[in-house]
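**Q**
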Amino acid sequence: MPNTQSSENSPLKRGLTIIIPCFNERELIEESFHAIEAFISNYFDIHALFIDDRSEDGTFQKLKDLAFNSSNQQRITVIKNTEHIGKGGTIRWGVDLIETDITCFTDADLAYEPENIVYFREQLNKNQFLIANRVDHR
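Each number in my numbering comes from the position in the sequence shown (counting from 1) with 821 added on.
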């Protein structure tokens, strides 16, 4: 697994990291993990950082098992917060840990399709930052 240590003075590598905060997601995390795994397998410079926020249902162990058996082990990292800090705190911590120059995040239930990341990345070539949200077309 990639090193998750970073320092303020270390240069960021070209690439993109998807931060996936998780809390009590054991029932659906396998499907989400495999979707992210399949997505990043198509891109050599996209990494995934799953951060468990002290789940009590076995989410962290499930993620560790999935990552251990993944063909993309070098680009998938699974870590656990030292205390429950909520979704926002988990994302902020993940941003501090990543080593790539582009960061995005998605919920563990994949409310946003991973394929959208490619479009967003293209838009970043034209803009300094992007903010996106889900649109319900029901």
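Ideal Cβ placement from N, Cα and C applies to all residues, glycine included.
According to the Cβ coordinates, are Ile-850 and Ile-839 closer than 8 Å?
**A** No; because the gap between Cβ atoms is not below 8 Å, this pair is not in contact.
**Q** Do the stretch 860 to 867 and the stretch 877 to 887 meet, that is, are 3 or more Cβ pairs less than 8 Å apart?
**A** Flag = no, the stretch 860 to 867 and the stretch 877 to 887 do not touch.
**Q** What does DSSP give as the partner residue(s) for Phe-926 in the beta ladder?
**A** Paired residue(s): Ile-840.
**Q** By the three-class DSSP mapping on this structure, what secondary structure does Ile-960 have?
**A** Since the first residue of the chain shown is 822 and the last is 959, residue 960 is not available in this structure.
**Q** Hey, quick one: how far does the alpha helix (DSSP H) through Lys-901 stretch, first residue to last?
**A** Here Lys-901 belongs to no alpha helix (DSSP H); instead the beta strand (DSSP E) covers 897 to 901.
**Q** With distance defined between alpha-carbon atoms, name the residue in Lys-885, Lys-834 and Thr-911 nearest to Thr-903.
**A** Cα-wise, what sits closest to Thr-903 is Thr-911.
**Q** Is the beta carbon of Phe-844 less than 8 Å from the beta carbon of Asp-874?
**A** Contact flag set, yes.
**Q** What is the rounded straight-line gap between the Cα of Lys-834 and the Cα of Ile-841?
**A** Near 20 Å, if we compare the C-alpha coordinates of Ile-841 and Lys-834.
**Q** Counting along the chain, where does the beta strand (DSSP E) carrying Thr-871 start and finish?
**A** Strictly speaking, residue 871 in this sequence is Phe, with Thr absent from that position. That run of the beta strand (DSSP E) goes 867 to 873.
**Q** Please tell me whether Ile-861 and Asn-893 are closer than 8 Å, where the distance is taken between their beta carbons.
**A** Yes, the Cβ-Cβ distance between Ile-861 and Asn-893 is below 8 Å.
**Q** To which residues of the same chain is Ala-888 closer than 6 Å at the C-beta, ignoring the five residues directly before and after it?
**A** So the list reads Ile-897 and Val-899, once near-sequence residues are dropped.
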